[in-house]
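Number of protein chains: 2
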Amino acid sequence: MIQDKNQQRTSLSELGEFKLIEHLTKNFKIKHKSTVKGIGDDAAVLEFESKRIVMTTDLLVEGVHFDLSYVPLKHLGYKSVVVNLSDVYAMNAEATQITVSIAVSNRFPLEALEELYSGIQTAAKIYNVDVVGGDTTSSNSGLLISITAIGTLNKDEVIYRDGAKPNDLLVVSGDLGGAYMGLQILEREKEVYKVNPNNQPDLDNYTYIIERQLKPEARKDIIKLLKDLEVKPTSMIDISDGLSSEILHLCTQSNVGCDLYENKIPLDPQVISTCEEFNIDSTTIALNGGEDYELLMTISQEDFPKIKANPNLTVIGFITEKSAGKHLVTRAETKIALQAQGWKNFNE
Amino acid sequence: MIQDKNQQRTSLSELGEFKLIEHLTKNFKIKHKSTVKGIGDDAAVLEFESKRIVMTTDLLVEGVHFDLSYVPLKHLGYKSVVVNLSDVYAMNAEATQITVSIAVSNRFPLEALEELYSGIQTAAKIYNVDVVGGDTTSSNSGLLISITAIGTLNKDEVIYRDGAKPNDLLVVSGDLGGAYMGLQILEREKEVYKVNPNNQPDLDNYTYIIERQLKPEARKDIIKLLKDLEVKPTSMIDISDGLSSEILHLCTQSNVGCDLYENKIPLDPQVISTCEEFNIDSTTIALNGGEDYELLMTISQEDFPKIKANPNLTVIGFITEKSAGKHLVTRAETKIALQAQGWKNFNE
């Protein structure tokens, strides 16, 4: 919400499309042996020898997925890479390459795109992926980012959504609901700013949840941790649309039921205190908030000893026969049907 | 420009995002052995054994790349696949998989997206590619399509842009300028329609060039032809931005010059007659028109006997030393510097 009125503005039309791509990607380094040819030809050339690859794609649209009045472009670039890589890790793969396409209106100066690409570059560096291609074009309205990610793994390492078995434990990484509550804080500050642009917001009590919203991380570390612990989940999915929605996906595709325990759902203290401040139920937020990019998995009971002492993994329930249904077991020990109320993009 | 006012309209918000993807892709069949897992998990899983893969991506934006007042959605779906596959063929690869992401505003009913996807499906069938993933989201303005294509080939088959050598022949497939002149006809008819909506346009004299604009084909057949003829081009690129722009790319990346002969540039009679009608120079159109999706390549002189009788391939010039420069040799046999005036997306 703080803008430097004297910032440099170079018009995109001064460069033209080819020079623009060249300019934005000139500092991108190729690090993977599997990248034979990166940016600069009709297509990238990749070689994975005997490995399998995974491929996933996501679109982020201004006004739908992000609001530039409080999302810094650098963070947006970083996040747009992370949300894609999260899907790669959810297959138990190592992310190796991405392509980045953007549609952008002339109201963005070159310097804004440089910010966006510096966030993309930072994420590519931290997660060790090569940017091997993309497309840059104008749009008549806002900014749109389309990223496709490639990852690699051995044949026997792939983890699908459909492998959960009755009695498997339902396990989640990290904690939930933070990204959604961070968004509530940012939206509230935006309204305050509209009324009084000189108000200086005090966000000290919300740093964790705001970071969860603006600069989330994909759980590459969990994929490594599981390998180190010698645990191969029976199914896995990343949590982008809210815990309940993802559990229902796992159960439907695996043809099983589940019992999820409300009192086991991991919540950060900032989520709890902010929910109290907003007078909303923290369980509802954890179940339906979305954008947490944690990993939800099922693991065999015999692997429990390997994970039980680990602070990164929390057992939140177990898998049942399909006929038993999909339930949330509340703190009051009543069972209620699990329902998805995740992000509905097309609601009017 | 002809609309059925009684068409069925199902709102996208009635379905929600998951059901929408499911609905639109339910008829898509997986045909390639390399597609281990298609749509339905966090990512697709692919396996290419010892082969190399190529990867390319394109964005098509309403109001920039297409105008829905005269582009049927089915054709648009078809074309959006074709423009991507063209880049795969330009690497000398076989196209095998694509992901399709769309951002669309609520003003589009479900039936419109079904039309779009039926065009995508038709192209996937004709070009034998599997649709293995994608993303569907709302946008605040128009329609945007982002496609990423994967292709496969043997290590020694890859053809880059940088392999052209002095004395190589400059060769192009098909004919040029048609797509651009087709666009001029469609734009003219749009203006006529605005003035008199009851006017019935007579487009019989423009069928070929309109098809070149609305429903272009990628030259998969040329890749096969070159294999059959046992000709491996020294460099190759697809013509999306106009012949001169692509020749300059090849020359710059190969560090060579060229002589392009104006009187050798292949033109369809409809291009010539329509250029006369519009009183514009057909060479200018062939050089700068764009969207022809033909293949431009350089081949060694010793391969000339293999291609000289083939109606699909035309020799339009030859490669020179870099110091000789890049020239167009006009019909009047004067040499002028070759310049690119292709599509400038960011012009205001």
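Chains as they are written, first to last, in my numbering: chain A, 87 to 434; chain B, 87 to 434. Ideal Cβ placement from N, Cα and C applies to all residues, glycine included. As the structure is a computational prediction, the values presented were derived from the model and not from experiment.
Could you tell me whether the Cβ atoms of residue i and residue j are closer together than 8 Å?
i	j	result
V244(A)	I125(A)	no
D378(A)	I325(A)	yes
G403(B)	Y266(B)	no
G263(A)	L353(A)	yes
K313(B)	T238(B)	no
I295(A)	I271(A)	yes
I139(B)	I236(B)	yes
L145(A)	T222(A)	no
I358(B)	D216(B)	no
V278(A)	N285(A)	yes
R417(B)	N365(B)	no
Excluding sequence positions up to five away, which residues of its chain have a Cβ less than 8 Å from the Cβ of residue i?
i	result
Y213(A)	V167, V168, L171, A181, A304, K306
A423(A)	G411, K412, H413, L414
K430(A)	Caution is warranted here: a pLDDT of 46 is assigned to K430(A), below 50, making its placement in the model unreliable, and the coordinate value is therefore given only provisionally. So no residue of the chain qualifies.
E275(A)	M87, Y156, P287, L289
I323(B)	A176, R247, E332, H335, L336, L381, L382, M383
S191(A)	S224, S225, N226, S227, G228, L229
E434(B)	The pLDDT assigned to E434(B) is 34, lower than 50, so where the model puts this residue is not dependable, and the model offers no usable value.
Skipping 5 residues on each side, what residues in its chain have a beta carbon closer than 6 Å to that of residue i?
i	result
Q427(B)	N374
L315(B)	K392
A250(A)	T320, S321, L336, S340, V342, T384, I405
I231(A)	L146, S166, I188
V457(A)	As displayed, chain A neither begins before 87 nor continues past 434, which places residue 457(A) out of reach and without an answer.
T96(B)	P195, L196
E100(A)	none
S120(B)	L132, E133, F134, T182
T369(B)	E348
K241(B)	R138
A210(B)	V217
Express the C-alpha separation of residue j and residue i in angstroms, rounding to a whole number.
i	j	result
L98(B)	L159(B)	16 Å
F114(A)	Q207(A)	7 Å
G328(B)	Q339(A)	48 Å
V142(A)	N291(B)	Checking the sequence, you will find Thr at residue 142(A) rather than Val. Taking the straight line from one Cα to the other gives about 44 Å.
T320(B)	F134(A)	25 Å
Q299(B)	P355(B)	16 Å
I233(B)	E419(B)	43 Å
V257(A)	I371(A)	18 Å
D173(B)	S187(A)	15 Å
H161(B)	L255(A)	49 Å
K123(B)	G163(B)	23 Å
N398(B)	D367(B)	24 Å
G220(A)	L202(B)	23 Å
K165(B)	G102(B)	27 Å
T293(A)	I184(B)	40 Å
S204(A)	K301(A)	14 Å
A129(A)	N178(A)	26 Å
C344(A)	K421(A)	11 Å
E363(A)	L269(A)	14 Å
K280(A)	C361(A)	23 Å
H118(A)	V131(B)	20 Å
S409(A)	S386(A)	20 Å
Residues in its own chain within less than 7 Å of residue i by CB, not counting five upstream and five downstream?
i	result
P252(A)	V342, I405, T406, E407
D389(A)	V317
Q425(B)	S330
Y347(B)	I402, G403, V415
Exercise for the section: Anything in the segment 245 to 279 of chain B with a Cβ closer than 7 Å to a Cβ of chain A? List those residues in chain order, please. Expected result: Y246, R247
Problem - Inter-stretch contact at 8 Å, needing at least 3 Cβ pairs: the segment 104 to 118 of chain B / the segment 195 to 208 of chain B - result: yes
Exercise for the section: Return the residues of the segment 104 to 124 of chain A that lie within a Cβ-Cβ distance of less than 8 Å from chain B, sorted by chain order. Expected result: L106, V122, K123
Exercise for the section: Say whether the segment 226 to 235 of chain B touches the segment 130 to 150 of chain B, bearing in mind that this needs 3 or more beta-carbon pairs closer than 8 Å, one atom from each stretch. Expected result: yes
Handout entry: Residues of the segment 166 to 179 of chain A with Cβ closer than 7 Å to any Cβ of chain B, in chain order
Key = D173, V174, A176, M177
Handout entry: Within 9 Å of chain D by C-beta, residues of the segment 121 to 145 of chain A in sequence order
Key = The structure shown contains no chain D; its protein chains are A and B.
Handout entry: Contact list for the segment 216 to 232 of chain B against chain A, Cβ threshold 9 Å
Key = V218, G219, G220, D221, T222, T223, S224, S225, N226, S227, G228, L230, S232
Exercise for the section: Please list the residues of the segment 323 to 351 of chain A that have a C-beta atom closer than 7 Å to any C-beta atom in chain B, keeping them in chain order. Expected result: I323, D324
Handout entry: Positions along the segment 189 to 200 of chain A whose CB lies within less than 8 Å of some CB in chain B
Key = A189, N192
Handout entry: Interfacial residues, the segment 148 to 159 of chain A to chain B, with Cβ spacing under 7 Å
Key = G149, V150
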